[in-house]
Each structure stands twice: as structure tokens, then as C-alpha cells.
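Chains R and C, in that order, are what the protein sequence lines are. Sequential numbering of the first sequence, starting at 43, is according to our numbering. Sequential numbering of the second sequence, starting at 11, is according to our numbering.
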Amino acid sequence: MVAQKTEANLAVEVEETTHQNVNLCYQCLRCSSGCPMAEHFDLLPSEVMLAIQDGDESVINSRTVWLCASCQTCYTRCPQKLDIPGIIDHFRQATIDSPSIPATARFFKAFIRNARFFGRVYEAGLMGELNLREGKPMRDIGMGMRMIGKGKIKLLPEFVRTPKHVEKVEPAPNRIAYYPGCSLHSTGAGFDKSFKAVCKKMEIDLVEIPGWTCCGTTPAHGADPVLALSMPIKNLATVSKMGLDRVTAPCAACYGRFKSAIKHYRDDSVLAERVDERLGDDYADDVEVLNAVDILGQADLRVLEDMVEKPLKGLKVACYYGCLLTRPPSDTGVDEFENPAGMERLVRAMGGEAVNWSRKTDCCGGSLAISHTGIAKELSTEILRDARERGADLIAAACPLCQVNLDERQPEMKQELGFTIPVVYITQIMAAAMGLGKEEQALDQPAIEPRPLMTL
Amino acid sequence: MAQDRKSTNGKHDSVLVIGGGVAGMRAAADLAESGLKVYLVESAPGLGGRVSQLGFMFPTHDCVLCRGSSDHGYGCTRPSISPAFQDHNLHPNIELMTLTEVVGFEGQLGNFTVTLQRNPRHVDPARCINCRLCAVVCPVSMPSEFQMGMSNRKAAYKTSPRAIPDAYVIEKGPWCEGCSKCASICPTQAIDLESEPETVTITVGAAILALGYKLFDPTPLEEFGHGRYPNVLTSMQFERLASRSGPTEGIVARLSDGKMPERIAWLQCIGSRDQEHPYCSSVCCMIATKQAMLAKQRLENVDCKVFVMDERAFNKEYTKYYNKAMDTHGVDYTRCRISALREDPKTKELILRYPDKEGNTVTERFEMVVLAVGMQPPDRSAGLAKMMGIELNEHGFCETDKFQPLQTSQPGVYVAGAFQSPKEIAETVLDAAGAAGEVMRVFHDSLGERPAPRQYPFLQHYDTDVAERDVSGEPVRTGVFVCGCGPMVSQTLDLDHVIDKTKDLPGVVFTDKIDLACFDEGLDFIGDIIRLKKLNRIVVAACSPRTHEALFQKTVRNAGLNPYLFEMVNLREHCAWVHDMEPEKSTAKAAELVRMAVHRVLRLEAINRIAIQPHRSALVIGGGVAGMTAALTIADSGYDVTLLEKSEVLGGNLRHIYYLVEGLNPQRLLRDLINRVRGHHRIDVLTNSEINGVSGSIGRFLSIIESPTPEGQTETIEVEHGVIVVATGGREGTPAAYRHGEHESVVTQLEMEDWLAHQPEKLRNLKNVVMIQCVQPAEASHFYCSRTCCTNTMKNAIRIKMMNPDCQVTVLYKDIITYGFREQYYTEARRNGVVFVRYSDEDPPVVDIVEGQLMVEVNDPSLDRRYLLTPDLLALSMSIIPADDTSKLAKILKLPESTEGFFLEADLKMRPMDFVNEGLFLCGMAHYPRFLEEAISSAQAAAGRALTVLNMDPFYVGGVIADVDADKCVGCLTCVRTCPFKIPRLLYDRAGVGAIGGHAWIDPALCQGCGTCTGECPASAIQLAHYRDDQIMTGALGVWGEEADSGGADATNR
């Protein structure tokens, strides 16, 4: 194929939206080396960058644009600190309203419609709509029924709108706003229950944000740059109105969105203005965002150790962080992003043994779980296998999307794997070790039965 | 020890050299040889720095320390690093202070007051006999820094096997239990655990910073697992592993299980070329290539893969080396910066993932991964710089001026080596010699005030002036001194027995045991006995000649005897230590060895070097930047210079450079240089002149020069001079490809620069410019990297974008070679929108002209994309070739050429500014293409080296050299062909054996004494002094030699 170097200055367009100078890319191929989706792309991430430099417009219609898992690995490792997922987002945003779009785009659009209509994602409705549209009404029916049975998917939606008036809350050193996120109210119910229980035991006062709405997660930032910021910031604005200056969002995806939104809001004043316009109010930018591991890790480990009533007795736990708890470090601001140890410290405080393994921040394929389930399963299989090879008895997760991917889909992967390994939330492990009630431990929730291991 | 004193104009003329690595040692040696007093300060217990940790250097794979940084440093038989740094015989002008740091620095050029903190060694180097007992008994173990943490050492240790000073050190720290076992066991009571740090103040006139660098620690880059995965090493750890003095004695084995790896990967650019460290560390590409080749040589069937971004092989012979790695050794280079490493928990293999050439993702396992870590500013340099008023650049390295690359922001303080910018050993040595040259220039009236003439291969202590006795008529009177080395030898060997066996041997008139011969008492004793007993042959049976021969030779000479009448026998390493389980047999061996030595000394003769008074002037060939800079440095130092320039004008290539990538205008440098050269009262400029012949040798050259007269005729001038500096430069090669000459818009980079400087309006209409890198010119038979073209292209590309941002600029390249801090210009070019497309040798760009329009088609191998470009201007980066007539000049001066056609220096790493032919020096592009500041520092280096010759009074040549017996020579030319240095010549006007015409002649001023010709000569017509056939036969053959000896000239007679 002979590509004529075009006048079309794709690089300029990309720079205008993303503020990334694509010409800085010197084709070191580091992004392509670490991309978990590389085998499935038609254009490697480095080839995307080269295509933009060349003004080659075929990049816009590449499979890559809609297959990217947004795992942020390339951005984290790029020596020139180029925001490649952000650049992919640019192409998504530019093409999402075209007449013919791939499955992922359809998922994004459906998700956003659903989230904006209901305020919080109504999973049953969303899956129902997607399955019907795709002509696959029975897709995931087994998993769906199981989850409905455990109360993890509600049959009826919640309708929520952001309140205009918010009651002020008295600030206190141990008081923090609580943003569960759509998942923790449904598929991640176990996380919600155990997190609240552990916080209570640790005397952390969680105040759930009244009228909180969906943060938008991956679909929002893949569809519209203003929406990508306005959906999370709307909630931060409520926290600000509550009079609190900190919020915790246990769901890693929500956490990641909050952090990213704050960063872009600060760096791009033009975009910030548009967001403020959309929200009808100037966001004060005075709220700090922490994830579950941050909050729990703030306590003195000795204090935590004292709270343990049923030590884990050397239970081998592989702590799985996934992509968004630590990446990209420019958004999250963490120091330990390649080899985090926050969960490991908690596991050890609970009397368990933290397994040393090299897949703790590998992508599970979460954002592609609906549109490209096969790929998500491939990625998840590698993670589960490595954990088992390292001698782990179970896996601790801190993200509901990861947990669902690794746990709820395990029955489908059993044949490929040859074994099962329970995947629970870190807070569930803590709740069990602290001897909290069955309801709080929520160990009946996962698909792969963890209770025999966890009966301590 | 030389005293510090003020010179006649009130300046203090001693020099402080901070840092005892290869740069510090080189600078100190040159300064000392020129007669200046040097304080060499090093914070570690021993000299050598980073270089002492390297077993092999690229591209020669020589062992580092033996390849001296001065003359006569070849091979293990010669003294280490330089005759200036022999064990127990340091150059008298150098005051060495290890374990010392600079804690205060004030004043100005000519008068700096420096406060030094001398930390205690706790071991007296004069009394340490390296018996190792303190290390054996010390209970405290810790990771060895020298071995990069891969093995342990004790708190009582030696930094490296051959450290200077050659002694142990006790590191008392919080771990020291105060058991004092070391002090108790030391046989010479050399240990004092109570000594405290001491503060010393000195006054110096100038200082040289040779601080080196710190290696980037990749542990924080957790994606590579260094520190967690045992088989992930840094490049320096691999060096130690592959080194014979390393933790595994050179066996490349995995740290996890001791298995030898079958697949090794090198990951380049770790801690370089990214946003945190936006520069290139210059050496890592070559280090990985070297290590891969070493691995191939050490391990059978090993797979070596280097993961690079660009392969930066930009110095002399490096392209050839890189090709050899690929073609001969099968090292694989893949272009990919690896994202992360995963470890297999069972096998401890590392798993890498990368896209192959077709874009398919490949997963591979390696048993060992080496991280090529970058260079960072050295520890504590920031604090030191602040104290000394030295400005640092944004990366923490020393800030220097482009046109004065060795001068720091503090006048009188110079810088050399990696602290100035990441660089390799050869460049570091150039810097060091250049900095020394600069200091010599400033203190020129003090040069030679502390002479240390090299009459002998060691250094004479200059305040004794004992005359040498002529013993040639005397009967042999041999004294044999047997040293017990404390308990080290005496405990194992029965020395009385040895003496008993010796005292009746031919020639022996005196034998005795000494407890510690190397101590002052022992040396004094030997000297006294020589005088008392009128001995004329000395045998000392003690430890290794490698460490102590020079010391005893000095003692012998100070007692009035020629030092070549001395022979040393090793009773320690060769007998007592290696055969400690069999003391009887060991004693018998000792007696044999002594007997052999006694027979050898019967045959030894005095050897004296030839003293010559050099002509105190220099001939500089070439009037470009390098030639002019060298001429000025030498002339400013008080010597006359004849500057030859072939063309009509001075300036060379610099005349055609109008702007530099840093944005500076070099024309003002050019004008300044020409003014100073033309106006200098010591420089005689001969333009339109060429050299037609040279005769003589170091110190006494006679050159025949053809020069025009004012009337327009040509006349022949004869010039006598002591040294020659070759600075003939290079030029842009002639294009013979890509349609140059067929279309006016196809230009070379120099042609384009001319446009950009003088006709910038032409630029306004340009919409599309393409530049092609690595264009092989008509003159070059094969490709080699010309080092400067990538940066030059960045310069022009940035300039075009600056003047016309809408112009599309595309650069077609193979590898981008913007090394050191120049990497930032590559980033700047990209930031400005310059697009880079890679091409391969197999499928180079094709240029066509279609209806007057240039069409450039190129294939990017990484994506397999073909591009069609339609430039308005096509600029070719031509390789730089040696100046015309380089070959002709090489023949006249009898100098060798490299594979690229440039002049070939004495040693690629340690002596890049010297030729093997003594008295000739090399600088500038005549050596290899280089940047302006590199040309300047190399010229200062060549000048500094030339000054060490001109300062000598007298200069000594000869000594242990080969000599042809004309009566036996048949003129077969074997010696001419086998001499590694091309020294023997056939003198056709003389007669050989049987009066046939012509015999071989070896210039005593040039001979290196390697003995190759001696061994090869089929007629045995050549003898090597001190290693004559009869001297070797008696020495080596012992008993049989004894019989061959009877009837020898010096029969025994007591």
C-alpha cells in the first residue's frame, strides 16, 4: 500500500482535542510491547501514532480504536508520556455518531443513554436492550439469572437525579463522603456491604452522597469529552456542597474517572469552562478522592491487627489491583504503580500471606466484558492461572468490574483453566478476619464459593 | 615528594585533581610528567573508579587497566595504567590522597585554598603486605560495592585485586564490633583502629574535576523487577559477572541457580531517553554489543538478543564492531523498547513480549535479562559544585561553554570525563589530557620546574643524584636477598635451605634473609650491602615482580647500580602460596627458581636509555579549528609552532558552518582563532604549503615542506621540530546517489546550510523538504557512521521549521545518533513537527524525477508501509571522509589508517590522541568525524600530550629494545611484516650478511620491546635487550642452561 503523505493534518486535530503532540512519538514500540490487546488489534498502538504522524486517515476506522481496553498501560510506560488512550478516545468521540459503528460503540451509547435516563445504571435494562439489539436474547442468561438470584442485579431500576439542595454535613476527621457507584449497588453489592462494615469497625464515618449519579466510566470518556468530565464532577460538586473535602469511591473505575476528571479539569481551562456550563455551576475543585485501599491503608497496621478476631492463618492471597487503581500515575498521583503493596499490607495485618506475583496490575479486560467477552475471558484466564501457579488460595480484588470478570465468568472458563479459585473483595477478607457478621462478609455473593476457605 | 611552591609570578602552580578514575589518573600523569605538582584526591580507598570494574572495553576487548593511559602500557608485562602509577613507586610529582574528600574550596585561579577531609584507612599502605589475614579474621560481612552487590566482602577488605594504593582498608562503621581481630593478626602491625579523620588545607593554582558518574538504579522501575527477580541484572553487574575478578571468576551464570543461561536479553535505554532523563547516555549501545559478544564467546549456543531503539555506534571502528556482532557472532538486534518483564515463578525465567517485524506479538522467555542503565551525575556532585561555584546544567552535569568545553564556570577549574556529559573512555581520556593541556598553558612558566626524567622505566626520585657505576669490566658479584615477607613466605618455606643452596652458586658473594624487604629498613639494608660489598648483580627473592619490581629497581639504582642488573624471583605467589600444602617441595622449587635467577643475572648487562634534547618546537599539520587550537595551546605554553595549511586560508570546515544546533554562531570563534594564530609571536603560519617528507624521530624531526614564496614560486623549507600534531581534518563526502547533480533541488547538508544562511528567502516557498541520512559517498567503499550528521540534520530541520512552520520536513534515517545531551534536539525537532521515517539497507529510498518534480519513495520496514514523498528540496547527509591526501600523508609520516581511512591512533580507548610512533599526535576530524567542541578538546589533548614531550629535559628513548645484527640479516622482511607497530625498516644503503644490499633496522626511539620480531626472525639476527637468547636460556632452562653457560664471558670469580 502506498500512502501518500497527506495534507490532512491529523496530528493537529488530535492535538487540539487531546493536547498531545503526536510527533513526539519516536516509535520506541514500548506501548505495543505492553499492550494486552496487541494480538487483537489491526493497528498496534505504535502504528496508530505513526498513522497520525503520517496523516493516514485509515486509522479512524481501524479495529483498534474500538477494541482498546483503556487499561492505561501504554500511557504509563510511554517514555514521552503520551496519552495514547486519550488519543484513542479522540477517535472514538469523533466517530461514535457515525451510521455504522462496532459493538463496543453500541454498548457505549446504550450505557450512556441508560445512565443518563435512570441516573444510575439499570443493569437488567441495559443488558436486555443490548441483547435484543444484537439479536442475542439469551446471551449471558445463565450468569444473569444467578446474579439476580443473589440480589446482585435488581429487577427494577432506581431513578435518581442530582439534588439541587444538599444538606450540609458537619466535617470531622474520620468523616468522609461515600460514593458507591452503580456497581456497588448491584453486581458489587458484596463490596458495598463489606466496605461499609469494615469502615464502621474502623470508626470511619461514611456519608453516602445524596442523589449521586453514574460517573460515566469508560463509555462517557469514549463518547464525549465534556460528558467525560461532567458526569463525575457533578458528584464531586455535591460533596463540595455537603461541606466535606474528601470522598471515597471503592470502585476502581469510578475512582479512576474522578481522578482523571479532576486532572483534565485543572489542565484544560477551555474544557473546564464547558463543563461548568453543562453543570450550570462553577466547580470549586476542593474535593480529594481516595479509593478503598487508600482509606483502609491510612489506619495504623497495628490497630488493624488488634481488630483481628479470626486471623487468616497463613491463607495465601494474591492481591489483584487491575488497571485503574494505580494507572495512569499522572492522574492518580500514586508512587507505587507498577508493584503496589497497599492490599498486601492489609492482608498481612489480617494474618494472611500475600503471594508474590507479576500480574497484579494486568488488565482483566473489564471494559470489553460486554462487547468482546471472549477477549475478556482470555485476559482473565491468564490472571487466574498465574495466581494459582504462584500458590494462591484465593484472589483479593478492589474493583467490582474486575471481580465480576474474574469470578462470575469463571464457571465458563473452568474447562480452559482446569481449576477454580475464589475471587473476593479485600474488604470481605477483612470483614471475615475481623469476625463481623455473615451479612457484612457477604461471602454468599461470589459465583465461585469462597466460604470453605474463609471459615476461619 | 615534590613540594608545593609559588611560581615566579606569585601564582601557586600545583594542581588539584578531584577524582581518581581514568580521567583523574590520566590528567595527573600528564601534569606530573610536565613538571607540575599534582594532588590527586579520591574519596574511595583505591583509584580506578568505574573503569576498574570493567573487564573488557569495546571495541578491542582489551583488559582495561593494563592498557596504559600513557606510553608503554601494553600488556600485562608492563606497569599498570601508567608508569606514573606503579605500585610503591608513584610519580614523585603526584601526591595521592585516597579516602579524601573536598570539604572547602575558596579563592581564584592561581590561589585556591582547599580544605580536604582525610578519612582514615586504618591500614598503613607502606606496611601492608597484602597477606589477607585481616579479611580472613574479620567477622563482619557485607555486600561488595565493587561486585555490584553480587557477592560479599568483609569490613576489612581491598577494593579490587590490584588497587592503587596496593593495600587493604578497614571500614569501621556502626557494624564494627570493635573486636580488633584485624589489628591483632596483622603480621606487620600495619593496622591502627584508632586513627581519626584529619583535616588538611592545601593551596593550589588550578583544579580539574574528574568526578565521573553514577549509574542509574533501575529498582524504582518496578516493571523490570530489578531487585525482585534474581535474573534481572544491570549492565555493570553483567560486567562483573563476566570479569575474571568477579564473583564467579568470569563464568556467566544465573544468580538464581548457577545455571549458564542459554538465552540472554539486553534492554536498552533504561533511565535514558525519556521524559525524566531526556538525554542519551552514549555508551550503553556499545556496552550491550560488547557484552553480547562476550557472552557468545563464553557460552556455547547462547542466544543473545538486544532490544534497542536506535543502535548508537558512532565512533571509530564501531560500525565494523556492530556488524561483526551481527554477522560473525549472530547477535540479534530487535527494535523495541520492552514494556515490562514477567517472571516464571518456577524457572525464574523472564518473559518478554514485543511486536516482531511483521507486527505480530511475540512472547519469548529469557534466562537472564540485562538492563542497560544510563548515566547520572555523580553522588555529592551537586554539593561540591555549589561549594566550588561551578554551574551545573539542567540535568545536574557540569555546565561548560560550547567553545571551551573543558572550562567550568569557575576560571581555573576544569572538567573532564562523564561529569561533563555522558561519554565513553576514549572521550574521557581526551578530556583529561585536554584539561591537563589547559592547565599547562596557564602555568607554562612552571613547566619543567620539577623534572622527573624517565631515564629508566620507573621513576627516579629526583632529589637523589647518585651516579651510576660502570660495572662492565668487573667480575660478577651477585647478592641474593631472600625475603620472608613476614610470615607469608617464611612460615611455609625453609629459607635457610634456600640460602644454603644458593650461597655457592656461580657469582654469588652475598646471601641473606630479610624479614620485609619492601619496607624502608629492608630497602636501606639492600642499598647498604650493595655499596659495602660492591655488588654488581642483585637477586631479590620475594613476592611478585608485578607489584614490586619497580620498587627494587629504584633501590638498586639509588645504590649506584644500573637497574637492569636486577632480577626478582617470586617466592610468595609462585611458591609459598600456591604450594602451601607441600612445604618441602615448595622449598625445593624456591631454590630452583633462585638458582635460575642467579644464572640469569650472570648474563645481564646494564641498559641505558638514550638521552635526547628535543627541539623545543612543534609542527602542526592542518589549519582548521583543531590545528589552530593545538597550535595556540602549545604556543601559549612557550614553544614555537609551525602551522601548515594546504589551502590558501585558515579555518577548514569551520568556514562553512554558520550556526550550530545550540543556536550559537561559530564564525566568531573562527575569527578569534585566526586572529590569535596570525598574531601570535610564536606561531609561523605557512599556507598553500604541504609536507613532502619527514625524517628523524621523537624530539628530533626534520620536515621537508613545500611553500610558496612571495614571488609566486615554490621553495623547499626544512623545519626542525620536536613533535608533530596531525590535524588535517575531514570533509563532506561527494554525493554519487539520489540524483545529486541531476536536479538543482538535490543538495548536500552543507549546500543547504549555505542557502539557509545566505539565501533564507529561498525557504519561504518550500512546502516539503526531505532529508536522507547515512548517504555513502563516492569515496567510501563501505558504510560507517559519521557521528555528526543526525545532529546536523536536527539543526537544519529545526531551523527550517523555525523560519517556515508550515513546511513539511521528513527525515529518512536508519538510526538516529543524537548521543549525549544532543538527544534533546531530536526531541525538539519532533516537537516542531518534523516527521521521521525509518528505512533499511535492503530497501533504501528511491529518488526519481518525474516532469521536473522530485519523487522519493521509501519503505518503512517496521510497518511495511511505502511512502511517496514529493519534496521541493532533498538534502543528503553525506558521510564524512578523511581529508584528501590523507593516505599520502600517512605514507610520508609512516602512520597507519583505520578501516574507515582515518589515521589510526595508538590505542582506540586509552591513547586516542597518540600514535604508536612516538612524538606524533592526532586531533580533530583527522581522527574521526566529531563535533566542534570535541575537536577543540581533542586538540587541547594532543597539545597537552605534545607538551609533555617538549617539557622533558632531556627526553629518553630506547632501553629494552630490539636490535638487528646486520651481519646476520638477509633482508627477508619477516620483522617488517610481523611487527605490530610497523617499526622495522629496510635500509637499502647498508649491507647485510655477505655484503648483500640492505638490512633491517629498528629505530630505538620507536621500538616497543614486544619481542615479536626477535622470536620470528628466521636467522636469529635480532636480539631483544635484557631478553637475549643467552639470557633467556640460562634463566628459563636452569640446569641445562648452566651447562650452556660454562665458558660464558662472566665466569665466576669471588
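Glycine included, every Cβ here is placed at the ideal spot set by N, Cα and C.
Inset, instruction - Compare the C-beta of R/Asn216 with all C-beta atoms of chain C and state if any pair is closer than 7 Å. - result: False, the Cβ-Cβ gap to chain C never drops below 7 Å.
Inset, instruction - List the residues of chain C that R/Leu109 touches, going by C-beta distances under 7 Å, in chain order. - result: Within chain C, no residue comes near R/Leu109; the closest Cβ sits about 14 Å away, beyond 7 Å.
Inset, instruction - Under 8 Å between beta-carbons, which chain R residues line up against C/Pro285? List them in chain order, please. - result: Checking the sequence, you will find Gln at residue 285 of chain C rather than Pro. Residues of chain R passing the Cβ test: Pro121, Gln122, Lys123.
Inset, instruction - With DSSP as the reference, please indicate the residues paired to C/Ile734 in a beta bridge. - result: According to DSSP, which records beta bridges pairwise, C/Ile734 is partnered with C/Leu629, C/Leu930.
Inset, instruction - Output yes or no for whether 7 Å exceeds the beta carbon distance between C/Ile622 and C/Leu654. - result: Not a contact, by the Cβ cut-off of 7 Å.
Inset, instruction - Return the residue from the list C/Ala216, C/Cys189, C/Gly215 that minimises the CA-CA distance to C/Leu203. - result: It is C/Cys189.
Legend entry - N- and C-terminal bounds of the beta strand (DSSP E) containing C/Ser705: Per DSSP, C/Ser705 is one residue of the beta strand (DSSP E) stretching across 700-707.
Legend entry - Cβ neighbour criterion (16 or more within 10 Å) applied to C/Phe115: Burial state of C/Phe115 is buried, judged by a 10 Å Cβ sphere holding 16 or more other Cβ atoms.
Inset, instruction - Report yes if the CB atom of C/Phe156 is closer than 7 Å to the CB atom of C/Val383, and no otherwise. - result: No; because the gap between Cβ atoms is not below 7 Å, this pair is not in contact.
Inset, instruction - Check the Cβ-Cβ distances between R/Glu458 and every residue of chain C, and say whether any is below 7 Å. - result: No, R/Glu458 does not count as interfacial toward chain C.
Inset, instruction - Would you mind stating whether R/Phe379 and R/Val331 have Cβ atoms separated by less than 7 Å? - result: No, they are not a contact pair.
Legend entry - Interface partners of C/Tyr364 on chain R, CB under 8 Å: Residues of chain R passing the Cβ test: Leu71, Ser74, Ser75.
Legend entry - Given 8 Å, three or more beta-carbon pairs between the stretch 482-493 of chain R and the stretch 461-468 of chain R: Judged by Cβ distances under 8 Å, the stretch 482-493 of chain R makes contact with the stretch 461-468 of chain R, as three or more pairs qualify.
Legend entry - Test: R/Ser400 CB closer than 7 Å to a CB of chain C: Chain C contact via Cβ: present.
Legend entry - Spatial distance of C/Tyr829 from C/Gly637 (CA atoms): Cα-Cα distance, rounded: 25 Å.
Legend entry - Proximal chain C residues relative to R/Asn63, where beta-carbon distance stays under 7 Å: Listed along chain C, the residues sitting closer than 7 Å to R/Asn63 by beta-carbon distance are Arg841.
Legend entry - DSSP-derived helix/strand/coil call for C/Tyr835: In the three-state reduction of the DSSP assignment, C/Tyr835 falls in the helix class.
Inset, instruction - Would you check if there are 3 or more beta carbon pairs closer than 8 Å linking the stretch 117-130 of chain C to the stretch 207-215 of chain C? - result: Taking a cut-off of 8 Å for Cβ pairs, the stretch 117-130 of chain C and the stretch 207-215 of chain C touch, as three or more such pairs fall below it.
Legend entry - DSSP three-state assignment for C/Tyr178, whether helix, strand or coil: If DSSP states are grouped into helix, strand and coil, C/Tyr178 belongs with coil.
Inset, instruction - Mind listing, in chain order, the continuous alpha helix (DSSP H) runs of no fewer than 4 residues lying wholly within the stretch 97-161 of chain R? - result: Runs of the alpha helix (DSSP H) inside the stretch 97-161 of chain R: 105-109, 115-119, 126-137, 145-160.
Legend entry - Rounded Cβ spacing between C/Gly422 and C/Asp441 (contact assumed at less than 8 Å): At roughly 17 Å, the Cβ-Cβ gap does not stay under 8 Å, so C/Gly422 and C/Asp441 are not in contact.
Inset, instruction - Measure the CB-CB distance between C/Met450 and C/Ser44 and report whether it falls below 7 Å. - result: Pairing C/Met450 with C/Ser44 gives a Cβ-Cβ distance under 7 Å.
Legend entry - C-beta neighbour in chain C for R/Asn277, strict 7 Å: For R/Asn277, the answer is no, since every Cβ of chain C falls outside 7 Å of its Cβ.
Legend entry - Distance, C/Gly703 Cα to C/Leu878 Cα: Take the alpha-carbon of C/Leu878 and the one of C/Gly703: they are about 54 Å apart.
Legend entry - One or two residues paired with C/Pro207 in a DSSP bridge: Looking at the DSSP assignment, C/Pro207 forms no beta bridge with any residue, so it has no partner.
Legend entry - chain R contact for C/Ser349 (CB, 7 Å cutoff): Contacts with chain R at 7 Å (Cβ-Cβ) include C/Ser349.
Legend entry - R/Gly227 (DSSP reduced to helix, strand or coil): The amino acid at residue 227 of chain R is misidentified as Gly; the sequence shows His. Note: R/His227 maps to coil in three-state DSSP.
Inset, instruction - Under 9 Å between beta-carbons, which chain R residues line up against C/Glu725? List them in chain order, please. - result: Chain R residues near C/Glu725: none, gap ~58 Å exceeds 9 Å.
Inset, instruction - Determine, using beta-carbon pairs with one atom in the stretch 170-190 of chain R and one in the stretch 200-211 of chain R, whether at least three such pairs fall under 8 Å. - result: Contact between the stretch 170-190 of chain R and the stretch 200-211 of chain R is not established, with fewer than three Cβ pairs separated by less than 8 Å.
Inset, instruction - Say whether the stretch 394-401 of chain C touches the stretch 361-374 of chain C, bearing in mind that this needs 3 or more beta-carbon pairs closer than 8 Å, one atom from each stretch. - result: Segment contact: the stretch 394-401 of chain C against the stretch 361-374 of chain C, fewer than three CB-CB distances shorter than 8 Å; contact not assigned.
Inset, instruction - On a CA-only basis, which of C/Ser291, C/Pro676, C/Arg390, C/Asp342 is nearest C/Ser282? Give me that one, please. - result: Checked all of C/Ser291, C/Pro676, C/Arg390, C/Asp342; the closest Cα to C/Ser282 is C/Ser291.
Inset, instruction - Would you mind sorting C/Val651 into buried or exposed? The rule is 16 or more other CB atoms within 10 Å of its CB. - result: It counts as buried.
Legend entry - Proximal residues of chain B, C-beta to C-beta of R/Gln95 below 7 Å: The chain inventory of the structure shown lacks chain B, comprising the protein chains R and C.
Legend entry - Coarse secondary structure for C/Gln1033, derived from DSSP in three states: Secondary structure at C/Gln1033: strand, using DSSP grouped into helix, strand and coil.
Legend entry - Chain-order list of residues whose beta-carbon lies under 7 Å from that of C/Cys192 (same chain, five-residue window excluded): If the five residues before and after C/Cys192 are omitted, its C-beta is found closer than 7 Å to the C-beta atoms of Cys144, Val147, Cys148, Ala166, Ile180, Ile201, all from its own chain and listed in chain order.
Inset, instruction - Give the range of the beta strand (DSSP E) segment to which C/Ser887 is assigned. - result: Counted as a single uninterrupted DSSP element, the beta strand (DSSP E) harbouring C/Ser887 occupies residues 883-888.
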